[in-house]
Every structure is written in structure tokens, then in C-alpha cells.
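Residue numbers (the numbering used here), protein chains in the order written: chain X, -5 to 164; chain C, 3 to 298; chain W, 152 to 336; chain D, 6 to 623. Quick notes on the structure that follows.
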Amino acid sequence: MSATLAGRLEAVFKDIRTGADGDARLTVAATPESVLPVLVFLKDSGYGYLQLVSCVDWIERGEMEVVYVLSAYPGGPVETEFESIVLKTRVPRDTPSLDTAIDVFPVAEPYEREIHELFGVHFEGHPRLVPLFLEREYEIPPFRKDFDTREYVEDVFGAVPPVVEESQEP
Amino acid sequence: MKILWFVISPLAALVVGIIFLGLSRRFMARIQWRYGPPLYQPLIDIMRYFTQKSVSHGAIFDLGVVLSLAGSLVVVLFLPFGGICPLRGSGGLLVILYMMLLAPLGMALAGGEAANPNSSIGISRKFALALGYEVPLLLIVLAVMTRYDSISICEIVAAQRAGLPGIATFPLVLSGFAYLLIMPAVLGLRPFEVVQAPQEISSGPLAELGGRYLALAQIQHALAMFIGISLFVNLMWGGASNPFVFFLKMLVVLAFGLTVNAAFPRLRIEQALRYLWRWPTLIAFVGLVLVVVIGR
Amino acid sequence: MDRNQLVKWLEAPAKMSHKYSLHAVYFCTGCGIIEVPPVITARWDAERFGVLPTATPRHANLFLITGYVSVKTLRAIIRTYEQMPEPKYSVGFGSCPINGGMYWDSYNTIKHLDRYLPIDGWIAGCMPRPEAIFVAVTHLWTLIEKDMADGYKRYRRDYAQYRANQERVLGELEWPPLFAAGEDV
Amino acid sequence: MSLEVLLAIALGGSLVTYLLSGVNARLRDGFAVLVSLAVAAGVASLYGRSDSTAFQTGFLGMRLVLRTGPLPWLFAMTVSSIGCLSVIFSLAYMRGRERTGFYYAMLLLIDAAMLGVVLSGDLLSLFIFWEVMSWSTFLLISYNGGPALAAGMKYFVMSITGSLAMLVGVVLVYATAGTLALPGVAAAVSTASSGFRLAVLLLFGVAFAVKNAVWPFHAWLPPAHSEAPSPFSAVLSGVLIKMGVYGFLLLMYVVVGMRGFLSLGWRLLPFHMILSIIGAVTIIVPTFIALLQTDAKRLLAWSTVAQAGYIFLGISFGTSLGVAGGTLHFLSHAVFKALLFMVAGAVEYRTGGVRDLNSLGGFIKKMPVTFVVALIGVSGLIGVPLTNGFVSKWLIYKTLILEGSPFLAFVALIGTWGTVLYSYKFLHNIFLGQLPRQYEDLEPAPASMRLPMTILAAVVLLFGVVPGIPLRAIDAIGSSFGFVGLHAASWGVAAESGAINMVNIFTAVVVGLVIAWLIFRAGARGVRVDQADSYAAGAAVPPDKYQYSVDFYGPLRRMMAPWLVDRADAFFMGLAARVGELSDGVRRVYTGFVGNYVMYVVLFLAALILVQIVWSPW
């Protein structure tokens, strides 16, 4: 049994693919169901710090890719092989849904709210999926590629008439 | 003469107070390598406040601001200014000590009625700080009263002008030194500027005062500056024969206050209280004990 | 800079006092606020002209709306502008409040600020330098001199339109309309 | 109106009120008010007369005497007028409650008993009325049951110890003087040896100190005042505390006599100076404990302890100005403290029993008259010029400084600043700031509550602007004790004995106000806005969450909390616990089964026989 992290990962999880991205970072691609177990495994093996959760809209393949970036606290109890680990998973674009990672990493709560608000990915079991930044409602979440900002700006902000006195010409 | 004095002294105090405010802004600017506003800038600010139409939160809001300014004006009527000593037979220093709590009370009423937590926090800090510097201040004032065995400030000033000024005589030098230690707190200058901390509580009790209310608050602030300094000059520096010399002495005290103001960051209210109740109170207490022992 | 002409002080003290005591609300609405500290400290010293930052809108008569105006910040800007005592002046600082600037096509920023608030003066530039602020202040002086800095009057007169635009973008506002319809100037 | 008729009306009135309550409530209320008004009018008519009549001869072979004079009249007038106002106040306050007949009867009984204490001309009737007053007060303090019962019990235990000490004192005096009438007693005690005078002072002093909440014996006051029904705590705090003041005045300057009292003690530290120091200690610690209270009435109760310290300091200082100051402060404190308790009662009545200072706020918008009255009461408490508190405190400071004890003056002045802090907290947390949503439909206090409050507020201002009225009565008391006169004119005290010229201060304040008002009017008028339009850094004001009143003096609390432990209370509670354990021990022996007692008797006899056999002592 090889001692490298990638080896151990593949030994445990059958449906993941690992790859090195430079010597300091390991990329792991997992299926939506196996994301949580992998996160737990990585956390136990020393990568206790979830840096961020982000999302990529692969509109041509009709998929949404949720990316978790983990790293280890320097000088932690377990000697870690990599500086950071990038865990990716793909979900279908029209019904994007994923289990929430709050139980493993509570810090994921605002990131998941942001992704829900801006990309429309639903996180199962998230306590508060309420808007985080945006003031107004949007039919298409604004960070999706099919959201046409210019057309939106035209019909929302363009329609605001200038403040003109009746007597003054426009 | 007395009626004349009722009109002149508030105006004189106001003019001197505004000059002090202008001076302090320019003094601070020069320390920060800036040119700073002209001397009459506070006058321009007050004129601008008067012409602005602000909001009122109710009758007590107006009454509080007016009461606060009236409190300061009344104290000015009781304070000797140079050679002129008003209202001789009316209770002297004790009444001044009492009148000095009228102005914070008025501002507290206005601030409370403004229904804004910033002003309420500012008021609770103002009273806590007032309690802080009153402990040494009362010890000092009592030492001076016991030393000259009179509660009329005019007699104290006359006695000091006859002999040495207060701070030069032996037992009172301790009280004088303690007074200098708490002078920034009495004037509300930087290390103890916890009450109108613009960054923390958006200028405390003044958070909701705009327009003419702010004008009255600024005038009261100018008068408070005048009262704080003239009380020190009268009690510790023997007043002066004519108003001009009195004004010069006040300038020296103001300069001392402003240098301290420029050099220190703002303390937290606990730190201010801990400071005020440690060394200044000890020195003032020893001063009072000495005065009582030697005086006997 | 006619501050030392006593005649003008005697003729129109109110106008002169407004010109030479411009206290700006220290409210950092956008990226432009980084230019204000150098203006008010030793390097440029705005206090020479009587310009000071204040903590609350109640003390102020100048409102520098610095940098892009996001939809969420517009709510606070309107609230702060309404809480300033009249007469008050507002200056759009930087290109974003003018026409949206580099965020012209962003879903989250306000494009034309003067459709929601009356603006008395503009300072062009993507974060204009402190000297530009002083130029703006001098222009504001001339505007006040000629009684053209009447943003607060326009706000009072056309409040219905301003309020409608505000509600169009922000939805329902938490405070009642400031003026009843058609207030006198 | 002669004295015994007056007392008969007062005592009879309370009895009839109790009987009437069975008939119908409105008749009883009207009758109660009528009785108290009649008593007040009767006392007022006694002004200036100083006759004494024996109302009962041959009571255990002694003559019971009632007498009036300058001292008794002033106290009787305060007792009856504040009693009458509190009866009027409790008309609305007690309407919906049960056992109101008992409440009114007790209230009138207590007023009658206090009147009896004040008018009694001999020590025995003084003791009788003192006992009547003590237990009726206990019944009324524990009226609300629950914690009030505990507070009442604590009060009752402490006042019993006081009464016992007084009883021993009465017997001691009777043994030496042969008579109990005051003139005879005064003649005997004042010429007796200093040790005897000290004994009399201590014995009676304990009883009066418990009532006057002097430092070690103040433990009962805060719980008693805050648990008692508000109109009664107004009487309790306004006047009942002052029976201790009357007792001390009577004791120090009549029984022991001025010369005898002032000469007691060692040269450097005379006995009356020790009492003054105890008075000063009573000012400081309770003032700063009051600062941290969150219950309105408990704050006022601690304030009463502190102000009682001022009075005790003034009285025991022994100079004409000091005694005048102490007595005038008794009068002013009776007025503004009764007023403040009524304000707390009105707020409690309207909010359905809520007294917590953390959850109130903004009541000025709904109860404006109550606010104005509270403001006047608070400025009286602080001693703002033009209120009666200022004049009385000023006299006390003046004598402290002129007699050369600046440390006591320092303690008193710091007490004043502490008073400013906690009285502003009382005013701010109830009346100023944001009005919570649940009190939006709050009605103002009912008319029958506003009437007594406005009368008291008017008295606070009247005695402040024209101090001559009370000072003339107090001057008569001073000279009856043998002090030099105060030369009190209507506007204040003349120059040689401490210049205070209310006319100058009044004109100065008026001029200041006029100038400030003119400056204020010069500006542009402001727009009236409600509490929602307040600066909240650009956000709308969040309802119900935009009020700073919880832990109002947080920094001060963190600084001072370790020093503000009420050790006297801790000592008494510890003592009570020890006694409790002791009695548990006895219960093990005293089991209640007859068998045990027989066994004890047999054992004892056996022991006796054994002793006789072994040592045969007889």
C-alpha cells in the first residue's frame, strides 16, 4: 500500500481520479455522492482548513462544477504532503443540487449561500439559503453564463427616467 | 455696574471661548504640519449651523440644549475675569461647583431625548468621566478652600494676589500639580476625549444635534473650555489684575492642554478612570491632608 | 477665495458661512474614499478652506458620494442625504456615479446617480486626485455664490419623481416619504 | 383642635375605614381621603402653639403626655401631608387589588402612629406609638406576599432589636430620673455622668439608627422599599425613615441636651464626630450601589439610604448650620423621594408591574406630565439650584467646610456626583430613548395620581426658590435646641452665617436661560421628527433594538463592582443563618414526644442523686 495520499485516496474511494498540479497541489475529481466522505478523509489526514468553495459554469457540457480548496495549518499535528488540495465535483446544470459541507466544515456556510445566490446551486441540508449580497430578485442567477448583463442593465437601469421638471425640456 | 456685568461677562467669555477653539484647531494643525483654518473658523462654523434647518426630537430636546448653554452662562457669571469679581455675596465656589453639573445635565437630557444609542453611550461616558475627574478636582478645590479658609472665589483670588499665587505655596503645589494632571480631562481634550469620540460613537451626545442645536452645543463647548481654564487660573494662579493678563495666563494653560491633546491617543473610559483615580487622586489627597495638618 | 472680504460677510453672511464651512459626511460609499484621507491630512489640508469630515450627517452640509454606487449602498446614501439638515450640497466623485463608469454593464451598480438624488457637482476621473477635490470645492463656492447649488430645493420640489426612481430600483423603502407631494421650495 | 382629638381622629379613622370597606369601596376611599385631609388640616392649625396635655393618667401609674412645639410640628406636618398625598395616590393604584380595605386601614394606622410618635411628650407613649408603627409597617411591607414577606420579616427582626434596645433605655431612664416626661428626663440625663449619657445615646440610638437606615443597620431598607406597594413605599421612604431623624434630634438635643451631647467623647474625636463619619460612610457606598441597580424602586431605595446618610451627617455635626441643613434635607428628601416613588408607582401601574429599567424607555412620549414631575424630583434629588435639595445640601456643605472637616465635605460632594449618575439613569431608562413597541398604546398616569405628584413637584420648586418658608420653621427648632439663630430671610441665609443668596442665583439662572433662549431662537426652526428618524449609519432604525439602557454604566460597574459588596447585609444574613442552625440543634433535643421529656427528668434526678452521693455539697 503506497504511503502517498493519492494512493491511499484511490485505495479507499473507487470512483475518484487524482492528479498532481505542480508538486505542491493535488487535484481530486469526485462524484457528487462521494464529496463528503472525501472531505472527511482529507480533514482527518491533516487538511483541516477549507480555504474557499467556488463554482464554475460549464455551459457547453451542461454541468456546474463545485470546487473545494483545502489546505493544512502550518505546523499542524500531521505532516502533510501537499500545500493545498483542490476537490472538484460536477453536477447537472439544470438541476444543480449537492449535499452541504457544513457538518464537516462549518465555514462553508456563507460560501454555499453565495454559490446558491449567484449560480443557483441548491445545497441540501443548508440551514439558511437566503440572499447574501444581492438586493433584488433575479430569474437567472447573475453569474451564470446565460445571464445577459447588458440586456438586464438596459431593462432595469435604463428604464429609470431622468428627473426632469415638467416645464424643462428633457 | 452689576447689571452691566450680567451682559458683558457672557459675551467676553464667548469671544474668549471661540478664540480658544480657533486657536486649538490651528495649534493642532501646526503640529500636524498643516496650515489649519483661520482663527475665526469656529465663528464661521457657528454662523453656518445657525442658518441650517435641522431636526428636533421634542420639547425636552430643545430645553436640554438651552439648559446646557444656560448652565455654562450662569457659571461664567459667577467666575471672576481679571479684576472684575461678580456676585460677591451669593455663595461663591460651592455654587460654581454645583452649577458645573447643570451643563452636562442639560446636554444629557437633550441626548437622551434624541433616542439614539450613540448619544446615550456618550452621556453615560460623560457622567462616568465627570465622576472620574471630580474625585481629584473636589480634593483640590477643598484644599484651596481650606487653605484660604473661605468659600468665596473672589476672596481666594484676592488673598492669592496679595501673597504668592496658589500653586507656589507649599501645600498647594501638590494640589496644583494634581490639577495639571487632570486638566485634559476637565477640558475634554484628547487623552480623555471619550465623550465626543467621532470615530466610535459619532460624536456622542451631539450625534443628533444639527443646525442651531449644534450651534448652541459649540457655544457651550467654547464656554466650558473658558470655565475649565479660568477656574484653574483663579484657584491656582491667583487670577489677574486686568482681563488682558488673565487672558495671557489662560493661553499658557490652553497651550499646555493642547500639547497633551496633540501627543496622546484617546484612552478607553476604563483606562481614563483608572488613571484619574490613581495618581492625581493620591497627590490631591496628600495635598489636602497637608493643608489640613499645616493649616491647623 | 473671497473669505477675507468683510463687505461680502456683511451683505450675505449665510451664503459666505456656507461657502467657507463645508463639513463633509465621512461616509465611504465606494472606492473613491481612499482619496479623502490625503485631502484632510497634512499633504493637502482641506481644513485651510474650512472643509472638515464629520461623523454624522446632522453636522454636515456637503455629501461626497465617492466611487461606484452599488444597489445596496444607494439605500444608505439616500437615508444619509435625507438626514442632512438643509441647505446641503452633494458632489458625485469619480466617473462611476456619473454614468456607471467601468461598471457600466454591471447588474449591481447604479448608473446615473442624479436620477435618484440631486447632485450639485461632479468630479470626473476614475478616482480623481485630491487636487480635483479642491477644484470641485472652488466650483461649489461659485455655485453657492450664484445660488445655483440648489440640489436640496430640487429634491424637495421633484421628490415624487426621485422617490419613484428609488422605489423602482430598491423596491419598498423602510422609511416613509420625506416630504408630502408638492412641498413648497 | 387639641392634640388628643387629632390623634383620636387619626386612629379612629383607620378603624372606620376598615369597617367601611365591607360596605362599599368608593365610600371607603372617600372616607380615607377625608380623614387624612382632616388630620393634615388639624396639624396645620397647631402651628406656633407649644402646649402639652396629658391624655391618659394612671396608665401603669404614669401620665401619658402629648405636646407640640417647633420640632414636633414640622415632623407632624410632613407626616400628615405626605400621608394624605399617598392616600390620594393609592386611590387609583390599589383599585383592582384585593384586601384594599386592609391596605387603607394600615396606611392610616401608620400615619396615626407616626403622628403619635412625633407628638408624644413622654418616653412611654413614644415607645407605645413606636411599636404600633413598627408592626403596622411590617404588615404593609409584606402586603404583596412572596419576596415582600421576606423583606418584611427582615425589617421586623431588625426593628424589634431596635425597640428592645429602646425599651431598655426607657427603663434605665425611668430608674434614674423617676419620671418619663421629657422635661424631667432631659433635666436628669443632661446633668448625669458622661458614661450614662453615652449609654442612653447608644440604647435609643440603636432603635433610631435602624429606622433611619444608618450604615450598619440599613440592610432591611432596599428589599423593604422595593417590595412594598408603591404609595406605601413613598410614605416609607419619605417619612417613616424620618422617624429615626426625629428620634435622633430629640435624643441628641433635647434628652441629652446640646451641651451634654457635644461634650461627649475624647478631645480630638468627639462622639458626634464619630456619628458624622458613620453618616458619611452611609453616603458613599449606597450611592454607588444604587448606580448599578436595574430595578427602579431598588435604585430609589439605595438612594434613600444614601440621602439618609446626608441627613444623619448634617444632624450629628452639631453646629447650628449643620442641624439646620440636616433638618431641611430631611424635609426636602421627604418631598422629592416621595415624589420619585410615586413616579415609579405610576410607571409600574401603567406597565402592569414592570419596574425593570432595562426594558422600559421613551415614556416621555406617552406620559409627559409624569416626566416633567420626575425631572423636577430628580433635580431636587441631585440638588440642582432652584430646588429645595440644593438649599439643604448647600447648608450641609457650608458647615462641613467652615467647621474645618474637608474630608466629610469631599465625601458629601462625591455623593452628589454619584446621585447625578444614578438619578439620570432612572430618568433616562424610563422616560428617554426609544419607546418599545409593546408600550405604544400606553396612556398617561390617571388624574388622581398626577395631582399628588404635581403638588410635591410644586413644593420642591417653591422651597428651592424661596427657602425662607422652611428655614423659618427650622430656625425655630434650632433656637429651641439652643443654637444661635440662622437669620433666615425669605431669600436665603444672611452673609455672616454662610452667604447663600437665592435671589442672585435665581436672577443669574434666569438671565442665563433668557440669553440662551434668545440665541436659540436666532437659528432656523427645526423640523419635528419622531424616534424612527434617527441616525443609524444610513440604515433604517431597527424597531425595539435601538436603545442603550442595559448595563448603563458598564465601565463603572467593571471598575467598582468588587468594592460594592454590602458587608453589613452579609453580616446580618450570616447571623440569621447561625441562629437558624442553632435552633435546628435545639429541635433535636426538644422533640415534642412526652416520653423524651420524662426521660430527661429521670436522668436529671439520677444525676443529682449521683452528685449528692459522691460530693454531697448540701
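Even glycine gets a Cβ: it sits at the ideal position worked out from N, Cα and C. If you're wondering where the values come from, they're calculated on a predicted model, not measured in any experiment.
Flagged as an interface residue toward chain D: W326/W, by a C-beta distance shorter than 9 Å. Straight across, the Cα-Cα distance linking R127/C with K430/D is about 12 Å.
Contacts with chain C at 9 Å (Cβ-Cβ) include S168/W. Within the same chain, and ignoring the five residues on either side of K398/D in sequence, the residues whose Cβ sits closer than 6 Å to its Cβ are G388. At a cut-off of 9 Å between beta carbons, M152/W makes no contact with chain C. Residues of the stretch 222 to 241 of chain W whose Cβ lies closer than 8 Å to any Cβ of chain X, in chain order: V222, K223, R226. For D38/X and E318/W, the gap between their C-alpha atoms comes out near 51 Å.
No residue range can be given for E54/X, since it is assigned to no alpha helix (DSSP H) and is classified by DSSP as neither H nor E.
Secondary structure note for Y67/X: it is in no beta strand (DSSP E), with a DSSP letter that is neither H nor E. Within chain W, the C-beta atoms nearer than 7 Å to that of P200/C come from A206, in chain order. The beta-carbon separation of A170/C and A286/C, rounded to 17 Å, does not stay under the 8 Å limit for a contact.
Our two residues, G262/D and P411/D, have alpha carbons roughly 27 Å apart in a direct line. When beta bridges are read from the DSSP output, I274/W appears opposite F244/W. In the displayed model, G181/W falls within coil according to three-state DSSP, outside both helix and strand.
Counting only unbroken stretches of 4 or more residues, the alpha helix (DSSP H) elements lying wholly within the stretch 125 to 206 of chain D are 128 to 146, 152 to 182, 187 to 196, in sequence order. For L215/W, the enclosing beta strand (DSSP E) covers residues 213 to 217. The three-state secondary structure of A379/D, taken from DSSP, is helix. Interface flag for Y313/W against chain X is set, since a Cβ pair is found closer than 9 Å.
Just measuring C-alpha positions, the residue of I14/D, T73/D, T142/D sitting nearest Y52/D is T73/D. Short of 7 Å from the beta carbon of F52/C, and not among the five residues preceding or following it, lie these beta carbons of its own chain, in chain order: R214, A217.
Classified as exposed, C277/W has fewer than 16 neighbouring CB atoms from the shown chains inside 10 Å of its CB.
DSSP, reduced to helix, strand and coil, places S58/C within a strand of the structure shown. Interface with chain C (9 Å Cβ-Cβ cutoff): D538/D is included. Around G38/C, the beta-carbon contacts reaching into chain W at under 9 Å are D196, E198, R199. Per DSSP, the unbroken beta strand (DSSP E) holding F60/D starts and ends at 57 to 64. For D140/X, the closest of I53/X, D9/X, V157/X by C-alpha to C-alpha distance is I53/X. S243/C is classed as exposed because its beta carbon has fewer than 16 other beta carbons within 10 Å across all chains shown. According to the DSSP secondary-structure assignment, M67/D is paired through a beta bridge with F64/D.
Just so you know, the alpha carbons of V158/W and I20/C end up roughly 22 Å apart. The beta carbon of F143/D sits closer than 7 Å to those of G157, Y160, F161, all from its chain and outside the five residues before and after it, given in chain order.
Looking at the DSSP output, A23/X bridges to R11/X, K82/X. Per the C-alpha coordinates, the member of L237/C, M185/C, S11/C, V291/C positioned closest to V78/C is S11/C. When the five nearest sequence neighbours on each side are left out, the beta carbons in the same chain lying within less than 8 Å of the beta carbon of N316/W are those of R266, Y267, in order along the chain.
Counting of Cβ neighbours within 10 angstroms places R230/W among the buried residues, the total reaching 16 or more. Excluding the 5 residues flanking it on each side, K370/D has same chain C-beta neighbours closer than 6 Å at L440, in chain order.
Rounded to the nearest angstrom, the gap between the Cα atoms of S154/C and L95/C is 6 Å.
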